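As structure tokens, the structure follows; a few thoughts come after it.
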Amino acid sequence: MEKPLVALDKGTTCSSWNYCGQRLATGSVDGTLVVFDSRDPCSSSLSCTSKSKVHEAAGIVKIAWVPPEYGDAVACVCTDGTLSLWEEVAEDAQPLQWKLCTSFNSGSAQLLDTQFGVSAAGLKMVTAYSDGRVKVYELLDPLELKNWQLQAEFQNVIDSVSTVGPAMCLSASISWNPQGGESQESSFVLGFSSNTPQLNSAKVWEFDQAHQRWLPVAELASPGDNDNQVYAVAWATNIGRPYEVIAVATHKGISIWHLGLNPDSDGRLSLEKIGVLSGHKGEVWQMEWDMSGMTLATTGNDGSPEPNPFSRNRESKFYTERRIGSQNRRGGGGSVCGVVVFPIDPWAPSIDSQSIASQLFAASLFPYLGFLYFITKSKSAPKLTLFGFYFLLAFVGATIPAGIYAKVNYGTSLANVDWLHGGAEALLTLTNIFIVLGLRGALREAGDAEEGTSTPIPGLKDETETSA
Amino acid sequence: MPGVAYDSGDMAGALGSNDTAMVPHSPEIRQPVVYSLHHGLNPPIARLSISWSRGNTLRVSVLRPPSGEDSEKDEVGGKVVEVRLSNGDGENGDAKWRRIAYGSVPPFAYYRAGGARLRAYRRSQWVRRCTTLIEKYIRWEYVMEYSKDINSLLGSSKSLPIAVIEDPKMVLRKVEEPTALKAAWELMEIFYADKQSQPWLPERLVDWLADLDSLLSSTQPTVHSKLVDFQNELVELQVIEDNPKYWEVLSSALAVGWLEIVVKMLRLHGSYQLHQLGNRETENGLVETVSVLISKMPRMRPEVEDGKLGECFKAKPDFIKAWEKWRAQITKLDCSAFWRHCDHRQTREGLKNMIQIMLGNTDNLCNVTCHWIELFVSHFLYVRPFTVGLESMHDLAQKCMLLKPMSSSHGLIAILLGILGENTEVVLAECSRAFGPWMVAHAIELLTTGSDEAELLLQEERDSLGGISIAESHRLVYAQVLSSHPLTWQIAPIYLTSCTKQGMALLEILLYKLPIQHNETLLKNIEICRLYELDTVSSNIMKIAGVYHWKHGRKGAGVFWLQQARDEVRLSRIAQQLFDSVGKSISDESFKQWEGLIELLGSESKATGGLEFLHKYRDFKKSLKQVYDGKTADAAWQAVESLISLMKNPSTPQRFWLPLLHDSLKLLNWPDRPLLDVSQTTLLLNKLQELSMAKLRPDFIEADLPPQALISVRLALAANLGRATLEE
Chain F
1 MEKPLVALDK
11 GTTCSSWNYC
21 GQRLATGSVD
31 GTLVVFDSRD
41 PCSSSLSCTS
51 KSKVHEAAGI
61 VKIAWVPPEY
71 GDAVACVCTD
81 GTLSLWEEVA
91 EDAQPLQWKL
101 CTSFNSGSAQ
111 LLDTQFGVSA
121 AGLKMVTAYS
131 DGRVKVYELL
141 DPLELKNWQL
151 QAEFQNVIDS
161 VSTVGPAMCL
171 SASISWNPQG
181 GESQESSFVL
191 GFSSNTPQLN
201 SAKVWEFDQA
211 HQRWLPVAEL
221 ASPGDNDNQV
231 YAVAWATNIG
241 RPYEVIAVAT
251 HKGISIWHLG
261 LNPDSDGRLS
271 LEKIGVLSGH
281 KGEVWQMEWD
291 MSGMTLATTG
301 NDGSPEPNPF
311 SRNRESKFYT
321 ERRIGSQNRR
331 GGGGSVCGVV
341 VFPIDPWAPS
351 IDSQSIASQL
361 FAASLFPYLG
371 FLYFITKSKS
381 APKLTLFGFY
391 FLLAFVGATI
401 PAGIYAKVNY
411 GTSLANVDWL
421 HGGAEALLTL
431 TNIFIVLGLR
441 GALREAGDAE
451 EGTSTPIPGL
461 KDETETSA
Chain D
1 MPGVAYDSGD
11 MAGALGSNDT
21 AMVPHSPEIR
31 QPVVYSLHHG
41 LNPPIARLSI
51 SWSRGNTLRV
61 SVLRPPSGED
71 SEKDEVGGKV
81 VEVRLSNGDG
91 ENGDAKWRRI
101 AYGSVPPFAY
111 YRAGGARLRA
121 YRRSQWVRRC
131 TTLIEKYIRW
141 EYVMEYSKDI
151 NSLLGSSKSL
161 PIAVIEDPKM
171 VLRKVEEPTA
181 LKAAWELMEI
191 FYADKQSQPW
201 LPERLVDWLA
211 DLDSLLSSTQ
221 PTVHSKLVDF
231 QNELVELQVI
241 EDNPKYWEVL
251 SSALAVGWLE
261 IVVKMLRLHG
271 SYQLHQLGNR
281 ETENGLVETV
291 SVLISKMPRM
301 RPEVEDGKLG
311 ECFKAKPDFI
321 KAWEKWRAQI
331 TKLDCSAFWR
341 HCDHRQTREG
351 LKNMIQIMLG
361 NTDNLCNVTC
371 HWIELFVSHF
381 LYVRPFTVGL
391 ESMHDLAQKC
401 MLLKPMSSSH
411 GLIAILLGIL
421 GENTEVVLAE
431 CSRAFGPWMV
441 AHAIELLTTG
451 SDEAELLLQE
461 ERDSLGGISI
471 AESHRLVYAQ
481 VLSSHPLTWQ
491 IAPIYLTSCT
501 KQGMALLEIL
511 LYKLPIQHNE
521 TLLKNIEICR
531 LYELDTVSSN
541 IMKIAGVYHW
551 KHGRKGAGVF
561 WLQQARDEVR
571 LSRIAQQLFD
581 SVGKSISDES
591 FKQWEGLIEL
601 LGSESKATGG
611 LEFLHKYRDF
621 KKSLKQVYDG
631 KTADAAWQAV
641 ESLISLMKNP
651 STPQRFWLPL
661 LHDSLKLLNW
671 PDRPLLDVSQ
681 TTLLLNKLQE
691 LSMAKLRPDF
701 IEADLPPQAL
711 ISVRLALAAN
721 LGRATLEE
């Protein structure tokens, strides 16, 4: 089940795996970056290949790997708020070693999170700061990680006009759309945990190529909850679903969102919250989707080691759900940590629309029968029209066997089998023709009868004659 | 994986900080299973960090708080643990599992290909309904072949070689230990794949149980376990027929239809011994009659294997006739007067009991069987020999279960119940629970052939599953399991490509996540991309490889892979870099080290102006070198031509003009005759003039040359012009 891979040094505070899971970078409280490598692709044994001092005075709190198209490099976020990029290169005759490419100083604000994304324009880096600012940098030269250009700077607010005053943010979480490749524009989701409500909620930002700016296209929060502090966000890989799946963790649980692919008229993407998982009692530290985007793994601080009472929908019984808990029982003071894995299927809609439709269809028959009863009783309807109304039943009757036939023979609903559907609908057309013909006949009949008895305005003719 | 509890292990045991809590998985309460993580670290744990690897492997970094009060000096700061979230198959080892995974690929691929052929055939001939039957038949053939292949892969049930002199007291033949996986597969085969033998379904169940009854012994006593116990006692028994256990085992084995064992055991009866034959004649006669009757039992099946007893009937009317005749014989024997002459009480009672079993007395059957399945099977043999169809089977199973409640559920039993209840979803869920994704992914093929409803259920594309069918989703899950192991990821593409909707995208992600540092993996990866026409992925992979090699000092390999990837952006950047570095040291011999790279870059990226210059420059340098080496005038001519074309070319940067001219001073001052004609010289002079003008501009870059270079060049040019004019 589980296999220990490597022991980490004392004081290790963060770790990060590269794209293929062959290299592990860890950062420690004394500012050392340690890189472990597995030499053989068939074995998972790791050995330490490099140790470099990233910062003399501050510890590393976060490490992020640069996408492999840009070399073997990591970004280290230090406690003093600096961000430094380190790259493994062999220059000229020198042996392979980790070298500092560049470092960013954020001034007074603390750097909270940084993530890399690949887009058509090249490598982009999003950084989020403790004063609520978000900066997007762009790499100028695809072979050199030294030269970055600040592409945009904004705040995580949906309304770009009003600016929020100085904020105090505790943490931030960024997740790029994993689909973004060099062939398409990419987008990312970002959420803060701060004292400023407007900044908090997770928002999806997309780069608007036409106007060269970043736009918020969706806010992943229910109307009442959009000031909740966001602990973590995770964008799932999409292997062919007609929507994107994003997980957002707040103190109310982990909510799973479906995000439409096509924007509506005002540039927003359609949103649907499909479920809330209550995985952890306390703060959620990290969330990650697996490579198919079907399973979400989370870590967080659990108040008590209770099993997760996540209720499941009908469809997901094909998956098993597991939870790995790393727990201790010694003393009350120790925190309890847990990794929760939710193999929820992120698709399932909450209500089966298909079944509701057929039920509604069946139920609609009764009012119609009532209508037929009363129209027959009133004896006011023309014969042919009445027949037409009754003929609708023939249409209804025909659709039932046709529907069954379509389901059995073609495995789809009637509406998708043209010749059957057309045939059935032809009956409906007949119905309409009957009704219209009946009414037309009745109108003519009534007109003829009236013409025989009286002219519409009897006095009018005489009056005009006299005036002339 | 029910019932698998972990030992706390040595590292955890010593520290005592890891509990081994394990919540058993039950299908009713949909609660997650809690596995404990054996990291072996002292509390407190400050943080966990997770990362998905390929497939469903999760890497967890367990980090301790960075030294608050460092009491223990040698304590590590954390640990990285790899957790595989699904293998589901506790029975088979890792290597064996891989063998199965690899072995099941050819049958699967072959079957899928057959299915595709069939579908194409159906589309082309869909009007002609009469082909449906033929088509169904072909399909069954395919699926049966597939099922047989997989079945043989899971292990053979052949008996071990039999000793030449057979031990008469050896009632149970030794066979290879059957596996539950194989048993489950056989069950699926019996019910879903093997349509030809549907009429003798009950007999197939009897055989199935005979082969695999030992598996059920793990959870509760069975006839098999009874037999094994008795076998151990048998050696010490002197008068076998006095032992009540002998008769008990006999009737049990008879009830489940193990006729050859029963007959063999009956022949061990004391009355067969020569010295007793005289005074126990009646008794012996009765025993022999019963054993003959048993061996003549009519059975509704095409044939019996060697060594098995019974008379076979293929057609039902014949079978019914024979069965009634056989029954009549038994009834006759039951009422026979000989019983009164039989003095041995145990023999009499035992044989009578066996006759009751053969007559289908349900109470007796219930008494002698242990597991409900055994009771179930015995019903087919003696009570309802003419059973067909699943419906009655399900009712019967329910009844049997009431009579013989199970203490604990075995995965196989749950699958059987699902099959009998004709509930495809339950069958799938139980398969997945007991045997993991491999079983589900492969058994789905059998299920879809089994019935049209199942096919509809499994192949229907569901919006709730993101537009894929249940079958596809299970294949995806299995492919993910495959891709999590470095030795099995190669076969994942076969399953992924059979998933029409989402398989390819997952395959792309899988290929992207493979390490490119190792050449074999890289080549295999590219080969797979080529096979499935994933051009963007392969160029992306080659790009990653190119950047990797370039950055790690293997510039040639880097350029090669970037060229393969047709990454113009990076290649032109590399060309730029080369250009710059050459520019820095144009007169230097270090140019040599770049020469190979320029050669490499050459043919492909013509678009880059800088590189064109470098090519010409290389030619120029080459011929110039020959000139300096004292080669003939030919070389000099060539050098001059290169020089002129370089100077004419607009892509040659201005800052190189002077160094170029300075380098070619020897050509300008060629002793024999002027190498440049008037127009050429004029061109060079013009360029020189332009250069002197450009010197005044602020952005001019001074070449790294001796200060009198310009003057000497000008002088040489002037001299050359003069000589050339004279010559003309």
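These protein sequence lines map, in sequence, to chains F and D.
Reminder that position 374 of the first sequence reads as 374 in full-length UniProt numbering, one-by-one numbering, no gaps.
Reminder that position 641 of the second sequence reads as 641 in full-length UniProt numbering, one-by-one numbering, no gaps.
Heads up, the beta-carbon is just placed ideally off N, CA and C, and yes, glycines get one too.
This one's a predicted model, so the numbers in the text were calculated from it and none came from an experiment.
Please identify the residue among the options whose C-alpha is closest to the C-alpha of residue i.
{"i": "Leu390/D", "options": "Tyr110/D, Tyr628/D and Tyr192/D", "result": "Tyr192/D"}
{"i": "Thr57/D", "options": "Arg554/D, Leu351/D, Ile45/D and Leu85/D", "result": "Leu85/D"}
{"i": "Gly107/F", "options": "Val118/F, Leu190/F, Gln97/F and Tyr129/F", "result": "Tyr129/F"}
{"i": "Val239/F", "options": "Leu215/D, His485/D, Leu510/D and Phe108/D", "result": "Correcting the residue type first, residue 239/F is Ile in the shown sequence and not Val. The candidate whose alpha carbon is nearest that of Ile239/F is Leu510/D."}
{"i": "His344/D", "options": "Pro302/D, Cys370/D and Trp247/D", "result": "Trp247/D"}
{"i": "Trp657/D", "options": "Trp670/D, Ser642/D, Pro671/D and Asn669/D", "result": "Ser642/D"}
{"i": "Ala167/F", "options": "Asp131/F, Gln179/F, Arg444/F and Asp290/F", "result": "Asp131/F"}
{"i": "Leu710/D", "options": "Glu728/D, Leu726/D and Leu684/D", "result": "Leu684/D"}
{"i": "Leu428/F", "options": "Phe395/F, Cys169/F and Asn409/F", "result": "Phe395/F"}
{"i": "Asp395/D", "options": "Ser409/D, Met406/D, Ile138/D and His379/D", "result": "His379/D"}
{"i": "Ser380/F", "options": "Gly438/F, Trp285/F and Trp419/F", "result": "Gly438/F"}
{"i": "His55/F", "options": "Asp72/F, Pro67/F and Thr79/F", "result": "Thr79/F"}
{"i": "Asp207/D", "options": "Leu309/D, Ser271/D and Phe108/D", "result": "Leu309/D"}
{"i": "Val368/D", "options": "Ala337/D, Tyr382/D and Ser251/D", "result": "Ser251/D"}
Which same chain residues, not among the five before or five after residue i, have their C-beta less than 7 Å away from its C-beta?
{"i": "Gln329/D", "result": "Leu293"}
{"i": "Arg330/F", "result": "Reliability fails at Arg330/F, whose pLDDT of 27 lies under 50, so the model's placement of it is uncertain and the value that follows must be treated cautiously. The answer is none, since no qualifying residue turns up."}
Check this for me: beta carbons of residue i and residue j, under 8 Å apart or not?
{"i": "Val157/F", "j": "Gln115/F", "result": "no"}
{"i": "residue 502/F", "j": "Lys124/F", "result": "This structure cannot speak to residue 502/F, because chain F is shown only from 1 to 468."}
{"i": "Val230/F", "j": "Ala218/F", "result": "no"}
{"i": "Ser498/D", "j": "Arg475/D", "result": "yes"}
{"i": "Leu220/F", "j": "Trp176/F", "result": "no"}
{"i": "Leu717/D", "j": "Leu688/D", "result": "yes"}
{"i": "Lys332/D", "j": "Glu311/D", "result": "no"}
{"i": "Glu69/F", "j": "Lys182/D", "result": "no"}
{"i": "Leu8/F", "j": "Thr26/F", "result": "yes"}
{"i": "Ala172/F", "j": "Leu190/F", "result": "yes"}
Return the chain-ordered list of same chain residues with a C-beta closer than 8 Å to the C-beta of residue i, the five sequence neighbours on each side being excluded.
{"i": "Val440/D", "result": "Leu428, Cys431, Ser432, His474, Val477 and Tyr478"}
{"i": "Gly333/F", "result": "For Gly333/F, the pLDDT reaches just 28, beneath the cut-off of 50, and the residue's location in the model is therefore unreliable, leaving the point undetermined."}
{"i": "Ile320/D", "result": "Phe386"}
Between residue i and the rest of its own chain, which residues show a CB-CB distance below 6 Å, the 5 nearest in sequence each way excluded?
{"i": "Thr250/F", "result": "Asn228 and Val230"}
{"i": "His269/D", "result": "Glu241 and Val287"}
{"i": "Lys146/F", "result": "Cys101 and Thr102"}
{"i": "Tyr146/D", "result": "Pro107 and Tyr111"}
Which whole-angstrom value describes the C-beta separation of residue i and residue j, a residue pair presumed to lie in contact below a C-beta threshold of 8 Å?
{"i": "Ile174/F", "j": "Val118/F", "result": "Wrong, their Cβ atoms sit about 14 Å apart, outside the cutoff."}
{"i": "Glu445/D", "j": "Tyr111/D", "result": "6 Å"}
{"i": "Gly282/F", "j": "Thr237/F", "result": "With 8 Å as the limit, Gly282/F and Thr237/F do not qualify as a contact, their Cβ atoms being about 28 Å apart."}
> Using a Cβ cut-off of 7 Å, which residues of the segment 18–49 of chain F contact any Cβ in chain D, in chain order?
Replying inline: Those residues of the segment 18–49 of chain F that come within reach of chain D (Cβ to Cβ, closer than 7 Å) are Tyr19, Cys20, Gly21, Gln22, Leu24, Val29, Pro41, Cys42 and Ser44.
> What residues from the segment 37–55 of chain D come within 8 Å of chain F, judged by C-beta to C-beta, listed N to C?
Replying inline: Within the segment 37–55 of chain D, the residues whose Cβ lies closer than 8 Å to some Cβ of chain F are Leu37, His38, His39, Gly40, Pro43, Pro44, Ile45, Ala46, Arg47, Leu48, Ser49, Ile50, Ser51, Trp52, Ser53, Arg54 and Gly55, listed in chain order.
> Listed in chain order, which residues of the segment 249–263 of chain F have Cβ atoms closer than 8 Å to some Cβ of chain D?
Replying inline: Of all residues in the segment 249–263 of chain F, none has a Cβ within less than 8 Å of some Cβ in chain D.
>> Residues of the segment 562–579 of chain D in Cβ contact with chain F at a cutoff of 8 Å, in chain order, please.
In response: Listed in sequence order: Val569, Arg570, Arg573, Ile574 and Gln577.
> Which of the residues in the segment 531–543 of chain D, read from start to end, lie with their CB under 8 Å from any CB of chain F?
Replying inline: Correct list: Thr536, Asn540 and Lys543.
> Listed in chain order, which residues of the segment 270–290 of chain F have Cβ atoms closer than 7 Å to some Cβ of chain D?
Replying inline: Within the segment 270–290 of chain F, the residues whose Cβ lies closer than 7 Å to some Cβ of chain D are Trp285, Gln286, Glu288 and Asp290, listed in chain order.
>> If the cut-off is 8 Å on Cβ atoms, which residues from the segment 506–518 of chain D count as contacting chain F, listed in chain order?
In response: So the close ones are Leu506, Ile509, Leu510, Tyr512, Lys513, Leu514, Pro515, Ile516, Gln517 and His518.
>> By the 9 Å beta-carbon criterion, what residues does the segment 70–82 of chain F contribute toward chain D?
In response: Flagged, chain order: Tyr70, Gly71, Asp72 and Ala73.
> In the segment 461–472 of chain D, which residues sit with their C-beta less than 8 Å from some C-beta in chain F, listed in chain order?
Replying inline: The residues in question are Arg462, Asp463, Ser464, Leu465, Gly466, Gly467, Ile468 and Ile470.
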